[in-house]
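Residues in the sequence shown are numbered consecutively from 2, following this note's numbering.
Where is the CB? At the ideal position from N, CA and C, for every residue including glycine.
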Amino acid sequence: MRTPCRHTVVIVLALAMSNAVPVSAQLLPNLGGQRVGISAFQFLKIGVSARGVAMGESFSAVADDASALFYNPAGLVMAADNQVLASHTEYVADLQHEFLGVSYHLSENDVVGVSFISLHTDDMQVTTETQPFGTGQTFSFGDLALGLTYSRKMTDQFSFGATVRYAEETLDMLTMRAFLVDLGTYYWTGLGSVRFAVVISNFGGDVSPAGSVTGLDGKVMSTFQSFSPPTIFRLGVAFDPISGEEHRLTGSFQLNHPNDNAEHVRLGVEYGWRRMFFVRAGIKRTLRQQLLGEDQTSAESWAAGMGVRLPLGLSSVSADYAYSDFAQLGSIHRISIGLAF
């Protein structure tokens with residue numbers, strides 16, 4: 002397959018930035034798909050943990066481990082231990098996605114955490130119209146995000162969390178940078194095991210690329226259209242219909258309202274045996290799409306996975322795997338390794 006020309010890739014991106022028209026989000030719009038492609042930093046929408054992804058990312062009201070650094074900062078204080086979580090994803094189009102998160106208890110009710118996210122490719126050959134097989138030079142594409150999180154248990158039933166995240170996206174000569182904020186709440190209703198979560202992620206001002214590109218006609222472009230970050234509002238509910246020492250079953254439901262796409266629902270389930278072995282499954286459906294069958298408006302469809310957690314003295318180690326079906330785009334595999342201490 003022919004490697005894209007560096008100048009062509011950059012010019013296409015620049016033209017898209019200069020012609021994009023922002024559209025205001027509405028609650029449950031009929032034509033939410035019209036908002037596709039109007040936000041930057043799309044890598045911040047990719048799930049980070051095999052456990053969360055295997056549950057269809059219906060996870061904001063479940064997140065009680067280090068992956069809460071991404072899914073719901075308020076859930077970080079739900080974990081009794083300090084944790085380290087590392088995750089690797091073989092994403093579509095030969096993209097590699099990485100996540101590393103660390104949480105530390107300052108006290109029983111206060112937890113801090115740091116997180117790192119990256120999406121990158123191998124270097125690509127620079128080609129031109131006169132040198133279609135390469136000039137000997139390379140160019141790269143990459144995203145990264147660094148987050149600092151604080152989570153506090155306000156009462157026995159209610160916790161709150163916030164993350165400040167630095168995000169950067171680089172395409173050869175163009176770079177976008179921004180500081181974004183996540184805010185989350187986690188509430189135990191008192192009705193059995195039912196808990197409720199509200200999260201807003203990637204909230205911040207518009208961003209535009211810095212740098213310049215030279216077109217084939219010699220014209221230099223250095224001013225580009227600004228884009229909003231991929232802000233998303235999540236509303237989640239979870240409960241445990243079975244909760245014992247030997248068997249535990251967790252069900253979850255989540256409604257997502259993104260600023261750059263149609264609303265969609267996510268359903269997830271996790272079964273655990275003796276808190277050591279786990280199987281999980283989840284689905285995503287755009288609103289007004291049939292629950293069973295293929296979603297005609299989205300590449301994402303369903304996910305499943307499994308995990309194991311083993312005690313090691315005063316600590317424990319966990320390993321999780323998730324398989325995601327992306328319809329025409331193929332399958333995606335994720336592996337996560339966690340340590341609690």
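- Only exposed fits residue 243, as fewer than 16 other CB atoms lie within 10 angstroms of its CB.
- Proximity of the stretch 183 to 192 to the stretch 106 to 125 falls short of the contact definition, fewer than three beta-carbon pairs being nearer than 8 Å.
- Three or more beta-carbon pairs separated by less than 8 Å are not found between the stretch 214 to 226 and the stretch 236 to 250, which leaves the two stretches without contact.
- Rounded to the nearest whole angstrom, the C-alpha separation of residue 45 and residue 184 is 15 Å.
- Inter-segment contact for the stretch 88 to 102 and the stretch 196 to 216 is absent: fewer than three beta-carbon pairs are separated by less than 8 Å.
- Within the model, the alpha-carbon separation for residue 263 versus residue 257 is close to 9 Å.
- Proximity of the stretch 58 to 65 to the stretch 306 to 313 falls short of the contact definition, fewer than three beta-carbon pairs being nearer than 8 Å.
- Straight-line measurement puts the Cα of residue 50 at about 9 Å from the Cα of residue 71.
- The alpha carbon of residue 154 has as its nearest neighbour, out of 254, 251, 333 and 78, the alpha carbon of 78.
- Every unbroken stretch of the beta strand (DSSP E) spanning 3 or more residues and falling wholly within the stretch 128 to 194 is given here in chain order: 142 to 154, 159 to 172 and 175 to 189.
- Contact annotation: the stretch 320 to 327 touches the stretch 300 to 308, with at least three C-beta pairs closer than 8 Å.
- Secondary structure at residue 95: helix, using DSSP grouped into helix, strand and coil.
- For residue 331, the closest of 319, 342 and 299 by C-alpha to C-alpha distance is 299.
- Cβ contact annotation for residue 143 (same chain, cutoff 6 Å, sequence separation greater than five): 121 and 171, in chain order.
- The C-beta distance from residue 225 to residue 40 rounds to 14 Å, too long to fall under 8 Å, and the pair is not in contact.
- For residue 250, no alpha helix (DSSP H) run applies; the uninterrupted beta strand (DSSP E) run containing it begins and ends at 248 to 259, by DSSP.
- Residue 174 and residue 160 have their C-alpha atoms some 42 Å from each other.
- Note that the C-beta distance between residue 333 and residue 322 is not below 9 Å.
- In this structure, residue 149 lies away from residue 118, with their beta-carbon atoms at least 9 Å apart.
- Following the DSSP letters along the chain, one finds residue 208 in no alpha helix (DSSP H), marked with neither H nor E.
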